[in-house]
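To keep things clear, I will list the structure first and then write my remarks on it.
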Amino acid sequence: MPSLTVPPGAPPILQSLTVPPGAPPILQSLAVTLERMLVRILVLLYLAGAPALAQTLCQPNASNGYRVRISIKTALGNQAYEWNENEMFLFRATMAFAMRRYYKTETYNVDNIIVCNQTRRVSFWFVVISPENPTMLIPKADVEKAVSMSRHRINNAFLLTDRTLEFLGIYPTLAEPVNPDTPPWLIVFGVVIGAVFAGIIALLVSSLLQKRRKEKGMMEDGQDEEDRQMKGVENGINLDGIYNRGFTDDDRFTKL
Amino acid sequence: MPEEGMEDNKEGEERPKWNNKAEYLLTCIGFAVGLGNVWRFPYLCQIYGGGAFLIPYLIALVFQGLPLLYLELAIGQRLRMGSIGVWNSISPYLGGVGVASMLVSFCVSLFYNTIVAWVLWYLFNSFQEPLPWSQCPLNHNNTGYVEECVESTPVNYFWYRQTLNITPNMETSGSLQWWLVVSLATAWSIVYICFVRGIKTIGKAVYVTATFPYLVLTIFLVRALTLPGAYEGLIYLFTPDWEILKNPQVWLDAATQIFFSLSVAFGGLISFSSYNSQKNNCEKDAVLVGVINSATSIYASIPIFAILGFKAHTNYVTCLNGNILALTNEFDISDMNITVENYEQWFDSLNGTHPSRVSDLKLKTCDLQTFLDQSASGTGLAFIVFTEAVISMPGSQVWAVLFFIMLFSLGLSSMFGNLEGILTPLHDLKLVPKWMPNELFTAIICLLLFLMALIFCLGSGNYWLEIFNSYVGSVPFLIIAFFEIIAVAYIYGIGRFSDDLEFMTGHRPNIFWKVCWLVISPLMLFVVLVAYVAVQAQTPPTYAAWNPDYVNFPNTEVLPYPDWVFAICVLLSSVPVISIPLVAIYRLICCMSGRHSKDSLHNNPNPYANEDYVVELLL
Numbered sequence: 004m005p006s007l008t009v010p011p012g013a014p015p016i017l018q019s020l021t022v023p024p025g026a027p028p029i030l031q032s033l034a035v036t037l038e039r040m041l042v043r044i045l046v047l048l049y050l051a052g053a054p055a056l057a058q059t060l061c062q063p064n065a066s067n068g069y070r071v072r073i074s075i076k077t078a079l080g081n082q083a084y085e086w087n088e089n090e091m092f093l094f095r096a097t098m099a100f101a102m103r104r105y106y107k108t109e110t111y112n113v114d115n116i117i118v119c120n121q122t123r124r125v126s127f128w129f130v131v132i133s134p135e136n137p138t139m140l141i142p143k144a145d146v147e148k149a150v151s152m153s154r155h156r157i158n159n160a161f162l163l164t165d166r167t168l169e170f171l172g173i174y175p176t177l178a179e180p181v182n183p184d185t186p187p188w189l190i191v192f193g194v195v196i197g198a199v200f201a202g203i204i205a206l207l208v209s210s211l212l213q214k215r216r217k218e219k220g221m222m223e224d225g226q227d228e229e230d231r232q233m234k235g236v237e238n239g240i241n242l243d244g245i246y247n248r249g250f251t252d253d254d255r256f257t258k259l
Numbered sequence: 183m184p185e186e187g188m189e190d191n192k193e194g195e196e197r198p199k200w201n202n203k204a205e206y207l208l209t210c211i212g213f214a215v216g217l218g219n220v221w222r223f224p225y226l227c228q229i230y231g232g233g234a235f236l237i238p239y240l241i242a243l244v245f246q247g248l249p250l251l252y253l254e255l256a257i258g259q260r261l262r263m264g265s266i267g268v269w270n271s272i273s274p275y276l277g278g279v280g281v282a283s284m285l286v287s288f289c290v291s292l293f294y295n296t297i298v299a300w301v302l303w304y305l306f307n308s309f310q311e312p313l314p315w316s317q318c319p320l321n322h323n324n325t326g327y328v329e330e331c332v333e334s335t336p337v338n339y340f341w342y343r344q345t346l347n348i349t350p351n352m353e354t355s356g357s358l359q360w361w362l363v364v365s366l367a368t369a370w371s372i373v374y375i376c377f378v379r380g381i382k383t384i385g386k387a388v389y390v391t392a393t394f395p396y397l398v399l400t401i402f403l404v405r406a407l408t409l410p411g412a413y414e415g416l417i418y419l420f421t422p423d424w425e426i427l428k429n430p431q432v433w434l435d436a437a438t439q440i441f442f443s444l445s446v447a448f449g450g451l452i453s454f455s456s457y458n459s460q461k462n463n464c465e466k467d468a469v470l471v472g473v474i475n476s477a478t479s480i481y482a483s484i485p486i487f488a489i490l491g492f493k494a495h496t497n498y499v500t501c502l503n504g505n506i507l508a509l510t511n512e513f514d515i516s517d518m519n520i521t522v523e524n525y526e527q528w529f530d531s532l533n534g535t536h537p538s539r540v541s542d543l544k545l546k547t548c549d550l551q552t553f554l555d556q557s558a559s560g561t562g563l564a565f566i567v568f569t570e571a572v573i574s575m576p577g578s579q580v581w582a583v584l585f586f587i588m589l590f591s592l593g594l595s596s597m598f599g600n601l602e603g604i605l606t607p608l609h610d611l612k613l614v615p616k617w618m619p620n621e622l623f624t625a626i627i628c629l630l631l632f633l634m635a636l637i638f639c640l641g642s643g644n645y646w647l648e649i650f651n652s653y654v655g656s657v658p659f660l661i662i663a664f665f666e667i668i669a670v671a672y673i674y675g676i677g678r679f680s681d682d683l684e685f686m687t688g689h690r691p692n693i694f695w696k697v698c699w700l701v702i703s704p705l706m707l708f709v710v711l712v713a714y715v716a717v718q719a720q721t722p723p724t725y726a727a728w729n730p731d732y733v734n735f736p737n738t739e740v741l742p743y744p745d746w747v748f749a750i751c752v753l754l755s756s757v758p759v760i761s762i763p764l765v766a767i768y769r770l771i772c773c774m775s776g777r778h779s780k781d782s783l784h785n786n787p788n789p790y791a792n793e794d795y796v797v798e799l800l801l
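Chains as they are written, first to last, in the numbering used here: chain A, 4 to 259; chain B, 183 to 801.
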């Protein structure tokens, strides 16, 4: 007696197709063919309906979806590439990569990323469906974390930046400022002030040495100085007498 | 070291001498050409109708600037002393003019070197990638940018917070900002090293400090003319608006600009020319210095305005791009379909079809003229507007470094004159003890000035600097210059002065100079002084404070000066010039009490009294 194994999730109509054990063989084979056909039809319907079902999951303003906005010409100018199906495929693959990386599994595939509502901007919505359960969407928060984790890789796959590949609602983490141990300005200041102080000391030392040399020179012909002074006194009326302005042509003092 | 051919003064001390004429001229030019030529003249040109402003400016130069300049150089060269000695010689009752010059130079040195310190701070910070004023720093938990920076701009934030760390008002003094103290120490050390051997070292330093700005201005000119928007900036600058000449304020500002630009009445020019030999043609020097100073102003305004035009253009394009992005995103138009060129057409068509959606976007109105109208002068131009422009230029670090080195050279060469106006009179007054070498005396003065200038390193320092700039750096100079010209033209006598000039230059001054000295320049100075005081008296004493808690932040909050601050302002204006009447009264009293003593012969020597002969007769 052929026993038809009815799959557990099968609709009740299939389950009621169990043939009683005492039935004639023609009936039994007819039941079998009928069941197989039904199963095939159901499977076909299921397969046909799944994308449609998934497509209904991806909608603008979907609760678990994100909108992506891409500005290729702004980023690349003359070297901008055309956005076509291949690029979209790359996007879905990159998103699957991001999900894999976040969950640390290898179950995600391109089919798990559903894209819809593409405009000529270029912008579109996407949702991520779970590989185990095609009707279940991955929650928004998890998608956000996955994107943030791999943001840099996603940007680089498209030669874009945080600004030109926007996930609306996911804010890019701010770049860590480079904080050098010594502020650069202190280095420049140190060089300048060191040079200036070295110069000051050099100039002061050299003028000191010059003065000493001059004093030594003066000491040597100091004898002549004294003679000159003596002569001055001898020559007559005191040199430190009253300055006789009548005889000067430096008449600046007469103008008072 | 003393050169041969030294002219001795009475005590047999050699007066230092310029190594060659070029050093003297470069020093005078460096003193006259300062920060104001770069950041004040272009601003005045812009707000007073561009090319038309040149007319009152050149008239003021010819009838007021050049005669004053010639006068100062001539008396310094003839009398061979600093400002105090010179005015004492001309008339003991007017010795106060020299004292006033010295006091004003002292006050100006305080704040001027602080500006040089700020320039140094920006220069040190220009050696970084990216420039620190190009982006906002993160706040302390790294969640976003610092709020104060986001509300204003990164450039404003760097200037007001990271440089000045300014307090919200003048009553809060804040604390000493150590990085500003360090920069100020550097500035004063550099000034000192140039002054160590007096004009020997200054003469060497000015070969660099006086010529380098011209090199940088030329480089900027070439660079700026290749930037987009430069052409609009230059047209905006030079388009003459002849109507503006009817406004008396223009003439007043032209006269004050020439006056402050030439740095007369500081006493520095008198000191510099006193180191010349007496047979130097100071007429040619004066005309040369005056003309070069004005030519530099005009030449500097070209790259400045080209760059300001570039900045306005950049701001305009950024504004438009913001609008374009908003429109593109709202209507899902293909990327880069709307460009700066076809923005108007797109906007009109979209506004026609979906006016409500377009108005919801709250697009900004972008007008190039509005951006060009945003003018700034003074520290605002250098540290806010120009630094913002430099960020947008490729290779920003190079341009920033060049710009700040240029400002530093301009400021340093002007500091030479300021400090000389203090040191030479003190030397001539014999206030320096004999045992003290010059280097030590200069060091003491520099140290004293540095310590006093530390008030400008406080949190409220910028407010104090503005006060010093407005009250010390304006009216006292006009008063001093007025007394100078009256003293020489009427008390010394134009006849005697012409004789001196004939002795020095070889020919008597022509009628133009005489008319200017006797009539035109004193009259112009008097009118400018009265008008300036009248205008100042009408403007309420307020200041613009940077207050992050202000309702309309990032606009500055206009606050009135507290009473005690206003009293200080009045003191700053009057104390330097009060020495003029004080010294006159003091001499009068001495003269009256001395009239009855035998010492009158020494006080009023009679050139025809041969005392030796008298003594012998008595014997």
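Ideal Cβ positions, reconstructed from N, Cα and C, are used throughout, including at glycine. Source: prediction; values computed, not measured.
The DSSP assignment places 450-456 as complete runs of the alpha helix (DSSP H) inside the stretch 444-488 of chain B, in order along the chain (cut-off: 4 residues). Between the alpha carbons of A/Y111 and A/V125 lies a gap of roughly 25 Å. For B/C751 and B/P742, the gap between their C-alpha atoms comes out near 13 Å. For the stretch 531-557 of chain B, there are no residues whose beta carbon sits under 7 Å from a beta carbon of chain A.
About 20 Å separates the Cβ atoms of A/W128 and A/P175, ruling out a contact at the 8 Å cut-off. At a cut-off of 8 Å between C-beta atoms, B/T510 counts as an interface residue with respect to chain A.
In this structure the stretch 393-406 of chain B does not lie against the stretch 335-354 of chain B, because fewer than three pairs of beta carbons, one per stretch, are closer than 8 Å.
Within the stretch 120-139 of chain A, contact with chain B at the beta-carbon level (separation under 8 Å) is assigned to T122, R123, R124, V125, S126. Near chain B, meaning a CB-to-CB distance below 8 Å, the residues of the stretch 205-222 of chain A are L206, L207, S210, Q213, K214.
Identification of chain A residues near B/V364 by a Cβ-Cβ cut-off of 7 Å yields F192, ordered along the chain. B/Q259 has a beta carbon lying at 8 Å or more from every beta carbon in chain A. Taking the beta carbon of B/F309 as reference, the chain A residues within 9 Å of it are P187, W188, I190, V191, listed in sequence order.
Straight through space, the alpha carbons of A/A96 and B/L397 are spaced by roughly 57 Å. Beta-bridge analysis with DSSP links B/P576 to no other residue.
Less than 8 Å separates the beta-carbon of B/S283 from that of B/G449. Close to A/T77, with beta-carbon spacing below 7 Å, are these residues of chain B in chain order: D517, M518. Interface flag for A/S74 against chain B is set, since a Cβ pair is found closer than 8 Å. The C-beta of A/I196 comes closer than 8 Å to at least one C-beta of chain B. Of B/T345, B/L444, B/A436, the smallest CA-CA separation from B/F565 is found for B/T345. Contact between the stretch 451-464 of chain B and the stretch 258-267 of chain B is present: 3 or more CB-CB pairs across the two stretches fall below 8 Å. About 4 Å separates the beta carbon of B/A447 from that of B/A663, a gap short enough to meet the 8 Å contact definition. Secondary structure at B/L707: helix, using DSSP grouped into helix, strand and coil. Here the alpha carbons of B/G641 and B/E353 stand approximately 10 Å from one another. The alpha carbon of A/P142 has as its nearest neighbour, out of A/Y69, A/P27, A/H155, the alpha carbon of A/Y69.
The beta carbon of B/P722 lies closer than 8 Å to those of P742 in the same chain, with the five residues before and after it left out. Taking the Cα of B/Q228 as reference, the smallest distance to any Cα among B/F585, B/N600, B/W424 is reached at B/W424. Here DSSP, grouped into helix, strand and coil, assigns B/Q317 to coil. In chain order, S371, I375 make up the part of chain B whose C-beta sits under 9 Å from the C-beta of A/F200. Neighbourhood of A/I203 in chain B, by CB distance below 8 Å: S371, Y374, I375, V378, in chain order. Short of 7 Å from the beta carbon of B/E621, and not among the five residues preceding or following it, lie these beta carbons of its own chain, in chain order: V378. Taking a cut-off of 8 Å on C-beta distances, the stretch 425-433 of chain B touches the stretch 223-240 of chain B, as three or more cross pairs fall below it.
When DSSP reads this structure, A/E169 sits in a beta bridge with A/R72. Residue-level contact check: B/T738 does not touch chain A, since none of the beta carbons of chain A fall below 8 Å from its beta carbon.
Taking C-beta atoms under 8 Å as the contact rule, B/C376 and B/F598 qualify, at a distance of about 7 Å.
Residue pairing by DSSP places B/V390 opposite no residue, since no beta bridge is assigned to it. A direct Cα-to-Cα measurement between B/S273 and B/A669 gives close to 8 Å.
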